[in-house]
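Asks:
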Amino acid sequence: MALPPVVRVMLAAACVAVSAPCLKAAERAPGLAVTFGAGGASDTATWPGVLLHVAAGQPASPFVPAGPFTATWEGFVNSELRSEYTFHVEASGEVQLDVNGASVALGKSAGGTNAVAGLSGGPVKLGKGANALRVAYKSPATGDAFVRLYWSNAETPRNPVPLSVLTHDESAGLKKGALLREGRGLFMDLRCVRCHDAGAGEKVPELAMDAPSFAGIGSRLGASWMAKWIADPASVRPGTPMPRMVHGADGPGQAKAMAAFLASLREPAVAAPKEGDAEQGKALYEKLHCVACHVAPEGGEADASKVSQKQVKSKFRPGALAAFLMRPSEHFAWIRMPEFRLNADEASHLAAYLTKHAEGEAPGDDAADAALRDAGRKLVETTGCLQCHALPGVKASGGAKALAQVPADKWSGGCMAETAAGGKVPAYTLTSAQREALRAFAASDRASLGRHVASEFLERQASALRCAECHGKHEGFPGWELLGGKLRPEWAAAFIAGKPMPKPRPWLESRMPGFPAYAAGMAEGLATRHGWPSVTPVEPAASADLAEKGRKLVSANGGFSCVSCHGFADFGATAVFEAPGINLALSHERLQPDYYRRWLRSPLSVDPNTKMPVYFDEQGKSPLSEFFDGDGPATIHAIWEYLKLGQKMPKPE
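For the sequence shown, our numbering assigns the number 250 to the initial residue and increments by one for each residue that follows.
#1: For A340 and R397, I'd like the C-alpha separation in whole angstroms.
#2: Can you name, in chain order, every residue of its own chain whose Cβ lies under 6 Å from the Cβ of A274, other than the five neighbours on each side?
#3: Which residue comes first and which comes last in the alpha helix (DSSP H) that contains K425?
#4: Between the stretch 788–807 and the stretch 760–773, are three or more C-beta pairs nearer than 8 Å?
#5: For A335, I'd like the list of residues in its chain whose CB is within less than 8 Å of its CB, leaving aside the five on either flank, ordered along the chain.
#6: Is DSSP giving Y602 helix, strand or coil here?
#7: Round the Cβ separation of L423 and T295 to the nearest angstrom and send it over; I've been treating them as touching at under 8 Å.
#8: Name, in chain order, the residues that DSSP records as bridge partners for T295.
#9: Out of curiosity, what's the CA-to-CA distance linking C271 and G733?
#10: Buried or exposed: where does W889 fall if 16 or more other Cβ atoms within 10 Å of its Cβ makes it buried?
#11: Along the chain, which unbroken stretches of the alpha helix (DSSP H) at least 4 residues long are found entirely within the stretch 780–809?
#12: What's the gap between the Cα of H779 and the Cα of E516?
#13: Can you list, in chain order, the residues of its chain whose CB lies under 7 Å from that of L656, leaving out five sequence neighbours each side?
#14: I need the DSSP call for D347, collapsed to helix, strand or coil.
#15: Report the rounded CA-to-CA distance for E718 versus L537, giving the unit in angstroms.
#16: In this structure, does DSSP put Y864 in helix, strand or coil?
#17: Grab the span of the beta strand (DSSP E) containing E333 for me, first residue to last.
#18: Assign D393 to buried or exposed, taking buried as 16 or more other Cβ atoms, counted over all protein chains shown, within 10 Å of its Cβ.
#19: Ignore the nearest five residues each way along the sequence and tell me which others in E739's own chain have a CB closer than 7 Å to its CB.
#20: Is the stretch 275–282 close to the stretch 318–332, with three or more CB pairs under 8 Å?
#21: Is the beta carbon of F826 less than 9 Å from the beta carbon of L429?
#22: Report yes if the CB atom of M861 is closer than 9 Å to the CB atom of L853, and no otherwise.
#23: Would you call the stretch 688–706 in contact with the stretch 524–544, where contact means no fewer than 3 C-beta pairs closer than 8 Å?
#24: Count the CB pairs spanning the stretch 607–621 and the stretch 487–499 that are closer than 8 Å, and state whether there are at least three.
#25: Can you give me the C-alpha to C-alpha distance between G298 and E333, rounded to a whole angstrom?
#26: With DSSP collapsed to three states, give me the class of N858.
#27: Report back the beta-carbon spacing between D446 and G648 to the nearest angstrom; my notes put them in contact at under 8 Å.
#28: Does the count of Cβ pairs from the stretch 448–464 and the stretch 472–485 closer than 8 Å reach three?
#29: Note down the Cα distance separating E905 from H723, rounded to an integer number of angstroms.
#30: So H886 is in the alpha helix (DSSP H); what residue range does that whole segment cover?
#31: Within 10 Å of its beta-carbon, does E902 have 16 or more other beta-carbons around it, so buried, or fewer, so exposed?
#32: Indicate the three-state DSSP secondary structure (helix, strand or coil) for T489 in the structure shown.
#33: Quick one: residues in its chain with C-beta nearer than 6 Å to the C-beta of R440, no 5 flanking neighbours on either side, listed in chain order?
#34: Please report the Cβ distance between R850 and G879, rounded to the nearest whole angstrom; I am assuming they are in contact, meaning their Cβ atoms lie under 8 Å.
#35: How about K893 and H837: do their beta carbons lie closer than 9 Å?
#36: Please report the Cβ distance between P308 and P317, rounded to the nearest whole angstrom; I am assuming they are in contact, meaning their Cβ atoms lie under 8 Å.
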């Protein structure tokens, strides 16, 4: 899995003002190199750590077949000073862990999905700087495959080995794997399958990606803007996957005719738009962190990685921008613009701010003579637009050759040609590196299009949706690298989809954006990439006796006084001093049990920026010796049993 550029920044920042070996480690690539092997095929990729879950019957990588597999992680664990750590492994199957060439741990599970019981090596002395790390894993013959690597020492309790200390050297295998992944991703982003049927079995979700519907598009977009877009999409939005479908000297005239036809596709008249307040819109724009993905219309500098909003006035018809902001996915399910659950007033304020500072003029009546519209209709129906865009009542005229009928040596002409081929062939604006990646993918067996691997889906879409531009950068946004080990996939899927549910941090003005089409795949990827199944195992019902002890443990009277900062269902926090805490009635349905235990044991070792206090000593003992004789794990478990009660929990004292 390739890591986003933000990870490199995080690693370099962690090494500032420390030893030279650490700075040398920063020059290496973050994460570890992992090589998967199955059915005679192999694949090498970058991975954020030794954390993996593969459901029975599923492939470990899109480039190897499903079934039993091997995975070998190699790289370095970097230490600022000489130190001593103990490594721990949870896994099904067989595991061997080597540090600096010496075997640290070796174990084999009893079979099925049983974890390797107590697989821990003795204390390992790490030298200052880079220490070679190698983990060889063999999946079980049946059942789910999983492996999770942790470490601990005298100061830090058991936690996953953090990404910030893991690096690896580049290799020919990694370069080959990265090229294949980029080519495969481009094939899906460019909607190539809409013309060239892949004929795959269980296809990856992205092959079903749609494009904006033409139904009623004339009620939303202006004809002049559409004509510019059709004539040369890349000049309007650099990096767009939309190809140029009209060519040569006739191109601008054809684009104008097509835009005239599309502008005539109107929906029933809607109520006049509300008058918005631009100043309120600006404040909302800032609260929603819109600049994470957009170049603001007011003084924003050009950024090829972001979508400019300087043209929204000339693009949207009056009232259409506010309607779009309220329901971005109404006419385009796989749009990257998220749902912010705006009400009509908020959408009107945002639209007023955006149009106030945008360039150009608002669309007029866009009337065109019938002959021009008819010519445009024929072009839309025959040029290939309907391979991607839906037009009710009209079917696509038929695609090109099936993917299997296009040999790899033909991927230099047609739509992959360096210059536009003309005719009905789409002209994509691609770099030479992108064309090389597509040709590398073409030279593969392309079977990867029939293998969905959620962690790969997550890596691609998290980068496209720019998740790391908010997570870990703004107050209240947990670090992106923590989320997979923290959140239950069921809760994460609903939250990412933007479904109505209690807001975990209601005091924050910002909102989590909703991505309905992406939610299920991203939630599954977050879990499996961190070594957890895509469906959380069912836990036994709460123990009444332990839940009552847990209630006392969180109380102010003889407990940890969690109630000072945290609410419990309808019972609010009693004395928030520095930072409010999440209502703990929501915790059980949100958190992975392993994360909860690690967090309560030592919150600062999980998130150094947290305001959560540490209650347990270095040996994990609780100061409340009247409960379980101060046994830390038993104390933590009792509180979890209380949290299981959720909204039905009795209020603490």
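C-beta: ideal position from N, C-alpha, C; glycine also.
Replies: Quick look at the numbers:
#1: Distance between the alpha carbons of A340 and R397: 6 Å.
#2: Bear in mind that a pLDDT of 49 at A274, under 50, signals an unreliable position, so the model cannot answer this.
#3: That run of the alpha helix (DSSP H) goes A421 to D438.
#4: Output reads no: the stretch 760–773 does not touch the stretch 788–807.
#5: At residue 335 the sequence reads Thr, which differs from the Ala that was named. Here the set comprises S369, G370, G371, P372, V373, W400, S401 and N402.
#6: helix
#7: 7 Å
#8: A282
#9: Note that C271 scores 43 on pLDDT, short of 50, meaning its location in the model is unreliable; the coordinates nonetheless yield the value given after this. Rounded to whole angstroms, C271 to G733 spans 27 Å at the Cα level.
#10: buried
#11: Whole alpha helix (DSSP H) segments, 4+ residues: 793–803.
#12: 46 Å
#13: Position check: residue 656 holds Pro in this sequence, whereas Leu was assumed. Cβ within range, chain order: n/a, list empty.
#14: strand
#15: Approximately 12 Å, taken between the alpha carbons.
#16: coil
#17: That run of the beta strand (DSSP E) goes S332 to A340.
#18: buried
#19: T785
#20: Yes, the stretch 275–282 is in contact with the stretch 318–332.
#21: no
#22: yes
#23: no
#24: no
#25: 19 Å
#26: Looking at N858 - three-state DSSP - the assignment turns out to be coil, as it is neither helix nor strand.
#27: Yes, they are in contact, since the Cβ atoms of D446 and G648 sit about 7 Å apart, within 8 Å.
#28: no
#29: In the structure as shown, the chain begins at 250 and stops at 902. Residue 905 is therefore absent and cannot be evaluated.
#30: Taken as a continuous stretch (DSSP letters only), the alpha helix (DSSP H) holding H886 covers G881 to L892.
#31: exposed
#32: coil
#33: Scanning its chain for C-beta atoms nearer than 6 Å, with the 5 sequence neighbours on each side dropped, one finds around R440 the residues C637, in chain order.
#34: Not confirmed; about 14 Å, so no contact.
#35: yes
#36: 11 Å between Cβ atoms; not a contact.
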